[in-house]
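Participant: I have a structure here, written as structure tokens, and I will follow up with some questions on it.
Number of protein chains: 2
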Amino acid sequence: MTTYTAPLRDMRFVLHEVFAAEKTLTALPGFEDVTADVMDAVLEECAKLCQNVLHPLNQSGDQEGCTFKDGQVTAPKGFKDAYKQYSEGGWCGLTANPDFGGQGLPEALDYFVAEMVGSANLSFGLYPGLSQGTMLAIAAHATDDLKKVYMPKLVSGEWQGAMNLTEPHCGSDLGLLRTKAAPNGDGTYNVSGTKIFISAGDSDLVDNVVHLVLARLPDAPEGSRGISLFLVPKMFVNADGSLGARNAVSVGSIEHKMGIKGSATCVMNFDGAKGWLVGQPHKGLACMFTMMNKERMFVGAQGISQSELAYQNAVTYAKDRMQGRAADGAKYPNKSADPIIVHADIRNKLLYARSVVEAQRALTLYAHMQVDISHRHPDAATRERADDMAGLLTPIAKAGGSGFGSEITNLCLQVFGGHGYVREWGMEQMVRDVRITEIYEGTNTIQSLDLIGRKLGLGGGRLVKGFMAETDAVVSRLQGRNDLAEFVGPFKDARAKLAACTQWIVEQSQKDPNLRSAVSNDYLRMFALTCMAWMWVLMVESATAKKDSGDSFYDAKLHVGRFFMTKVLPQIASLDGMIRAGSAPAMNLPEALF
Amino acid sequence: MTTYTAPLRDMRFVLHEVFAAEKTLTALPGFEDVTADVMDAVLEECAKLCQNVLHPLNQSGDQEGCTFKDGQVTAPKGFKDAYKQYSEGGWCGLTANPDFGGQGLPEALDYFVAEMVGSANLSFGLYPGLSQGTMLAIAAHATDDLKKVYMPKLVSGEWQGAMNLTEPHCGSDLGLLRTKAAPNGDGTYNVSGTKIFISAGDSDLVDNVVHLVLARLPDAPEGSRGISLFLVPKMFVNADGSLGARNAVSVGSIEHKMGIKGSATCVMNFDGAKGWLVGQPHKGLACMFTMMNKERMFVGAQGISQSELAYQNAVTYAKDRMQGRAADGAKYPNKSADPIIVHADIRNKLLYARSVVEAQRALTLYAHMQVDISHRHPDAATRERADDMAGLLTPIAKAGGSGFGSEITNLCLQVFGGHGYVREWGMEQMVRDVRITEIYEGTNTIQSLDLIGRKLGLGGGRLVKGFMAETDAVVSRLQGRNDLAEFVGPFKDARAKLAACTQWIVEQSQKDPNLRSAVSNDYLRMFALTCMAWMWVLMVESATAKKDSGDSFYDAKLHVGRFFMTKVLPQIASLDGMIRAGSAPAMNLPEALF
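See below:
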């Protein structure tokens with residue numbers, strides 16, 4: 034009953050008009066051919082696949098779920114055929130190195146693909162999604178021999194990848210992990226242990242799964258400095274590339290979850306499975322972060338994807354559902370009631386969704402472009418600046434996309450009243466599906482601690498200084514513009530509050546070791562809101578340049594931007610107060626009194 | 034896997050220490066015997082039933098759900114036996130008139146019963162829950178003949194009640210309803226139409242269901258002024274009280290819902306079913322509101338119930354789950370990690386839950402005591418004041434309890450990380466179950482419009498003036514107390530902001546017909562936060578009086594109250610800003626551009 038239309042016009046707006054992506058990307062070595070036309074063609078093809086193939090399987094996949102029988106995981110009906118089309122279309126290797134058969138396209142485009150696939154079918158998207166990070170880690174850290182065997186099949190999508198981190202007793206704190214890897218003396222290792230919550234750990238979509246597994250070598254130091262990364266295939270690969278015997282990897286069970294029921298979340302048992310070391314001994318966590326950063330951005334995109342889907346369906350319902358009369362007089366006096374979109378409250382919910390989604394889309398695209406620049410720009414200082422910005426924005430994109438995703442899907446469910454609570458309308462599925470995005474790939478608290486702990490501290494605050502410099506340039510460029518004052522003013526204030534709060538936190542946390550944990554979530558949200566305001570300033574600047582075009586698309590941008598500044602951004606006032614309450618309110622209650 | 038322990042100490046604290054309920058209640062005619070001992074005994078009995086009988090069926094009921102086969106609805110395994118114990122224990126008729134076999138106990142006690150039953154098993158609680166309102170409406174508006182036939186069986190729980198309001202095309206706007214009632218000439222009516230979303234519309238728990246149905250008489254005016262209320266039994270009742278033939282009432286289907294799966298949500302078909310008029314022709318909506326106010330408070334209690342359940346289980350998990358180290362040094366250096374309750378972020382989530390739950394419990398109890406006073410106090414002016422306060426607080430209790438219920442269950446799920454997303458741990462069920470409470474018995478927007486439209490306007494603002502007078506007395510009494518300054522100060526500020534905002538809204542809405550709808554949800558939340566701050570002031574006043582008792586229970590109250598004032602109440606700052614943005618941000622985008 035839900036529908037999805039890829040928001041191509043909005044995507045092209047941020048890509049071409051706000052960020053002039055063609056100019057930036059074609060200047061990067063290897064992207065010379067990535068013209069606006071190429072990008073548009075890719076987006077249109079992806080939109081068709083998402084609308085026609087993946088979205089029709091979204092509700093049926095939720096209702097059927099995955100099955101686990103006789104050790105075999107089966108994805109819902111239709112997923113296998115859809116995956117075949119997906120992989121044959123080259124989508125698995127969109128950004129992968131052409132040496133391995135990849136298309137070598139920018140991360141910027143990959144973001145839009147992730148958003149569209151996520152909107153169409155969040156569960157489906159996890160199967161190829163986990164391969165993305167796997168490929169990155171192998172390409173960056175594995176030996177040439179391993180790359181030659183595994184990369185082409187992952188790129189083509191014939192095989193899939195999975196990330197095996199979590200164990201029953203260790204999630205956020207990976208230092209506790211117990212899975213062991215014993216050297217066999219021939220360069221391979223015997224991997225033994227149990228991993229849980231393994232997305233796409235197994236399925237009937239592909240013949241082989243390439244597991245990346247965190248485990249400890251016999252001589253490993255305790256804690257997170259003693260973790261190594263191993264490649265453990267489900268099926269061994271013969272010298273000719275054909276599949277051989279089964280490795281000692283098996284699925285123990287699949288989880289019964291709140292949502293993403295079409296995605297198999299596996300308990301994986303490694304019973305002396307043969308594996309190969311990836312990267313240096315005891316440096317597994319660093320290798321894993323190569324894929325984790327990509328996956329974190331991916332999860333942010335998933336959050337946005339559900340907000341977009343929820344918004345679209347709520348708008349349709351709000352225009353269709355007749356109930357009550359407009360407060361300023363009947364809009365359809367000949368009908369028994371007006372559509373509920375006449376009510377300011379319904380509009381508040383819809384505009385909250387839209388003003389957040391559009392800003393997050395712009396921000397996440399921007400962050401992905403920084404990744405492209407950081408990978409390819411000829412100038413080292415430019416690469417570093419871009420890498421800094423991408424690093425700073427990664428936790429914000431992940432926690433922001435997912436956190437607002439939960440809020441927005443809930444708001445849009447509410448537009449449907451009782452129908453929102455009923456399965457057939459599809460809204461409650463979005464709430465259930467998106468909920469995991471606040472948890473996996475590092476909970477949103479882990480993201481906020483990454484921001485407030487690691488990212489603020491790096492290079493003596495270099496990342497935040499870079500952010501402040503870049504946004505200051507925007508304010509300086511635009512603050513004389515009367516026509517933009519209603520946008521630039523609130524952004525400038527938010528930025529000043531963020532700067533002051535950052536300074537306060539840095540100072541306070543010298544004295545108070547609990548301060549960061551006490552304020553990190555509120556701080557990340559304040560940072561995310563400020564970033565969204567920044568994006569709105571850039572978007573309305575672009576829209577204003579077209580104000581004489583007669584195209585109402587640009588008028589809408591101004592209205593939605595105004596909504597953000599007046600009805601969303603004021604959240605910062607409260608966050609500021611809560612942050613400055615410090616850690617005492619949380620810490621003063623003795624544990625026994627909880 | 035979840036556990037529930039009724040928070041009896043907290044309940045007794047607000048009942049006896051904060052509100053001196055014995056003194057207030059025993060002064061009311063008919064409640065002379067309701068001593069503190071009687072109340073405590075009732076609470077303890079209820080706690081046992083909830084902990085030992087109802088809660089063990091909560092997760093199994095969710096997993097099994099209700100079934101609908103051959104026209105018959107069956108509740109999950111165990112519900113029938115549990116219901117038998119529940120009704121035989123006299124819980125169905127707790128507040129009902131002793132003339133009909135009821136126990137004639139105060140609404141104040143009924144609130145605690147609703148909270149405990151809701152925590153134990155939200156789905157189960159809906160079966161007897163809907164009977165409550167049915168009994169109220171029959172007792173207040175039906176003929177003596179109808180009362181004689183139906184009340185004793187509803188009071189004993191042998192039969193159940195159901196409210197039939199919503200139709201496929203009309204939910205919030207009941208003026209659109211189409212169900213018809215044609216007079217048979219013998220004082221009975223032929224009722225025809227389809228009703229949807231009918232909680233406890235049918236089940237195998239009882240032999241008869243007493244439906245209250247909104248329908249139109251042939252000469253009915255259009256809109257909501259042409260709606261009448263009918264009593265339509267599932268089974269006819271013989272003169273000797275035994276059950277006769279089946280009435281033309283049937284279940285069309287049951288809904289597949291996000292949650293409350295153990296509760297049957299029915300599509301009800303009335304195919305010329307015989308019914309009896311309740312109250313005056315065309316005055317059905319007013320009769321329905323008799324039961325609706327009770328049910329709205331009940332839904333608020335349901336919200337609180339899930340917050341309490343989520344809090345309890347999250348605390349247990351947070352004390353048990355070892356992950357990471359305390360920021361200010363390891364608390365359990367001999368173990369591999371510290372329990373996550375050492376982290377300020379986890380404590381923030383738990384304390385947010387607890388500080389809101391405790392304030393909402395106090396507020397909802399207070400509101401129920403006002404209902405008792407409004408029903409029974411010998412002085413008419415006192416009855417009116419109490420009725421005003423109960424009327425003002427009803428939408429706040431409903432929308433506040435449910436809205437924070439969704440937030441808090443989600444926060445507590447997050448404490449569990451990935452385990453929170455998995456069915457067996459039970460946290461995701463709470464999120465799914467509580468979500469309906471924001472929708473049914475009038476969506477939270479309907480509540481906020483009731484507050485900002487009807488309740489603010491009544492008697493020239495008499496209700497708000499009453500609230501301001503009562504809270505001003507609290508501030509006046511306590512503002513000289515240095516030991517309470519950290520509580521009274523923030524409450525005073527919040528109250529002043531609420532007063533200013535109220536004034537501004539009243540003025541602006543003269544000029545702007547869309548203003549109320551644009552700000553009502555934010556205004557209700559601001560009002561709810563202010564009420565919670567008020568309750569915290571009263572609670573810390575009571576706790577401070579016992580500060581030399583050596584009982585850490587009272588220390589905890591002060592810590593939790595401080596958390597509320599510094600980490601929750603500051604939300605008001607943002608709400609103030611959003612409200613004052615008015616309706617323009619919502620209304621300026623043309624419908625076509627959504």
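As given, the protein sequences belong to chains E and D, one line each in that order.
My numbering numbers the first residue of the first sequence as 34 and each following residue consecutively.
My numbering numbers the first residue of the second sequence as 34 and each following residue consecutively.
We put the CB at the ideal spot given by N, CA and C, even for glycine.
Counting only beta-carbon atoms, is tyrosine 473 of chain D nearer than 8 angstroms to chain E?
Facilitator: So, interface residue.
Participant: I believe glutamine 30 of chain D touches glutamate 471 of chain E by the beta-carbon criterion, under 8 angstroms. Please report the beta-carbon distance rounded to the nearest angstrom.
Facilitator: Given that chain D is displayed from residue 34 to residue 627, the structure contains no residue 30 of chain D and the question cannot be resolved.
Participant: Expressed to the nearest angstrom, what Euclidean distance is found between the alpha-carbon atoms of phenylalanine 263 of chain D and proline 139 of chain D?
Facilitator: Approximately 28 angstroms, taken between the alpha carbons.
Participant: Along chain E, in chain order, which residues have C-beta atoms closer than 7 angstroms to that of serine 369 of chain D?
Facilitator: What serine 369 of chain D touches in chain E: Leu209.
Participant: Using the beta-carbon of each residue, which ones in chain E are nearer than 7 angstroms to serine 616 of chain D?
Facilitator: Per Cβ cutoff of 7 angstroms: Ala377.
Participant: So what does DSSP say about methionine 355 of chain E, is it helix, strand or coil?
Facilitator: If DSSP states are grouped into helix, strand and coil, methionine 355 of chain E belongs with the strands.
Participant: Taking DSSP as the reference, what is the three-state secondary structure of cysteine 203 of chain E?
Facilitator: Of the three classes helix, strand and coil, the one that applies to cysteine 203 of chain E here is strand, per DSSP.
Participant: Under 8 angstroms Cβ-Cβ, which residues of chain E neighbour lysine 228 of chain D?
Facilitator: What lysine 228 of chain D touches in chain E: nothing, since even the nearest Cβ is about 12 angstroms away.
Participant: On the criterion of 16 or more Cβ atoms from any shown chain inside 10 Å, does glutamine 480 of chain D qualify as buried, or is it exposed?
Facilitator: It is buried - the Cβ of glutamine 480 of chain D has at least 16 other Cβ atoms within 10 Å.
Participant: Mind checking lysine 228 of chain D: buried by the 16 CB within 10 Å criterion, or exposed?
Facilitator: Classification for lysine 228 of chain D: buried.
Participant: Please tell me whether, using a cut-off of 7 angstroms, the distance from the CB of alanine 606 of chain D to the nearest non-hydrogen atom of the ligand SAM is below it.
Facilitator: As for the ligand SAM, it is missing from this structure, which has no ligand bound.
Participant: If we define contact as Cβ-Cβ less than 8 angstroms, is glutamine 92 of chain D a contact residue for chain E?
Facilitator: Chain E, which has no Cβ nearer than 8 angstroms to the Cβ of glutamine 92 of chain D, makes this no.
Participant: Are the stretch 581-593 of chain E and the stretch 545-555 of chain D in contact at 8 angstroms, needing three or more beta carbon pairs?
Facilitator: Too few Cβ pairs lie closer than 8 angstroms, so no.
Participant: Going by CA-CA distance only, name the one from E:Leu210, E:Asn241, E:Phe322 that's closest to valine 106 of chain E.
Facilitator: That would be E:Asn241, whose Cα lies nearest to the Cα of valine 106 of chain E.
Participant: Can you tell me whether DSSP reads cysteine 99 of chain E as helix, strand or coil?
Facilitator: In the structure shown, cysteine 99 of chain E sits in coil (DSSP, three-state: anything other than H, G, I, E or B).
Participant: Is there a Cβ from chain E that is less than 8 angstroms from the Cβ of leucine 384 of chain D?
Facilitator: Output row for leucine 384 of chain D: interface = yes.
Participant: Are the stretch 260-274 of chain E and the stretch 439-446 of chain D touching, with three or more C-beta to C-beta distances below 8 angstroms?
Facilitator: Counting Cβ pairs under 8 angstroms, fewer than three are found: no touch.
Participant: Among D:Tyr160, D:Leu396, D:Gly226, whose alpha-carbon lies nearest the alpha-carbon of glycine 285 of chain D?
Facilitator: Closest by alpha carbon: D:Gly226.
Participant: What are the start and end residues of the beta strand (DSSP E) that includes lysine 213 of chain E?
Facilitator: From DSSP, the beta strand (DSSP E) with lysine 213 of chain E extends over 213-216.
Participant: When the Cα atoms are used, what is the spatial distance from glutamate 50 of chain D to phenylalanine 230 of chain E?
Facilitator: Looking at the two C-alpha atoms, the distance is approximately 47 angstroms.
Participant: Given that a residue counts as buried once 16 or more other Cβ atoms are within 10 Å of its Cβ, and exposed if not, what is asparagine 381 of chain E?
Facilitator: Buried.
Participant: For a cutoff of 8 angstroms on Cβ pairs, would you count valine 246 of chain E as touching chain D?
Facilitator: No, its Cβ sits nowhere closer than 8 angstroms to a Cβ of chain D.
Participant: By a C-beta neighbour count over all protein chains shown, 10 Å radius and 16 as the cutoff for buried, is phenylalanine 520 of chain D buried or exposed?
Facilitator: Phenylalanine 520 of chain D is buried by the Cβ-count criterion.
Participant: Three or more beta-carbon pairs under 8 angstroms between the stretch 116-124 of chain E and the stretch 178-194 of chain E, yes or no?
Facilitator: Contact holds: three or more Cβ-Cβ distances are below 8 angstroms.
Participant: Compile a chain-ordered list of the residues in the stretch 183-200 of chain E whose CB is closer than 7 angstroms to at least one CB of chain D.
Facilitator: Residues Thr199.
Participant: Within a Cβ cutoff of 7 angstroms, which residues of the same chain sit near arginine 468 of chain E, ignoring the five residues on either side of it in sequence?
Facilitator: Result list for arginine 468 of chain E: Met291, Gly292, Ser439, in chain order.
Participant: Run through DSSP, which three-state label would valine 67 of chain D get?
Facilitator: Correct three-state label for valine 67 of chain D: coil.
Participant: For alanine 80 of chain E, which residues does DSSP report across the bridge?
Facilitator: Its beta-bridge partners do not exist; DSSP assigns none.
Participant: What residues in its chain sit with their C-beta under 7 angstroms from that of valine 348 of chain D, if we drop five residues either side in the sequence?
Facilitator: Cβ within range, chain order: Leu383.
Participant: Determine which residues share a DSSP beta bridge with methionine 291 of chain D and list them.
Facilitator: Its beta-bridge partners do not exist; DSSP assigns none.
Participant: In chain order, what are the residue ranges of uninterrupted beta strand (DSSP E) at least 3 long that sit wholly in the stretch 293-360 of chain D?
Facilitator: Listed in chain order, the complete beta strand (DSSP E) runs (minimum 3 residues) inside the stretch 293-360 of chain D are 298-311.
Participant: Hey, quick one: how far does the alpha helix (DSSP H) through tyrosine 399 of chain D stretch, first residue to last?
Facilitator: Taken as a continuous stretch (DSSP letters only), the alpha helix (DSSP H) holding tyrosine 399 of chain D covers 377-409.
Participant: Using only CA atoms, which one of D:Leu142, D:Pro372, D:Gln356, D:Gly433 lies nearest to valine 389 of chain D?
Facilitator: Comparing Cα positions, the closest option is D:Gly433.
Participant: May I have a chain-ordered list of the alpha helix (DSSP H) segments no shorter than 4 residues that lie completely inside the stretch 474-556 of chain D?
Facilitator: Runs of the alpha helix (DSSP H) inside the stretch 474-556 of chain D: 477-482, 495-511, 518-544.
Participant: Just checking my contact of glycine 166 of chain D with glutamate 328 of chain D at CB under 8 angstroms: how many whole Å lie between their CB atoms?
Facilitator: Yes, glycine 166 of chain D and glutamate 328 of chain D are in contact; Cβ-Cβ is about 5 angstroms, under 8 angstroms.
Participant: For the 8 angstroms Cβ check, are there 3 or more pairs between the stretch 558-577 of chain D and the stretch 588-603 of chain D?
Facilitator: Segments in contact, yes.
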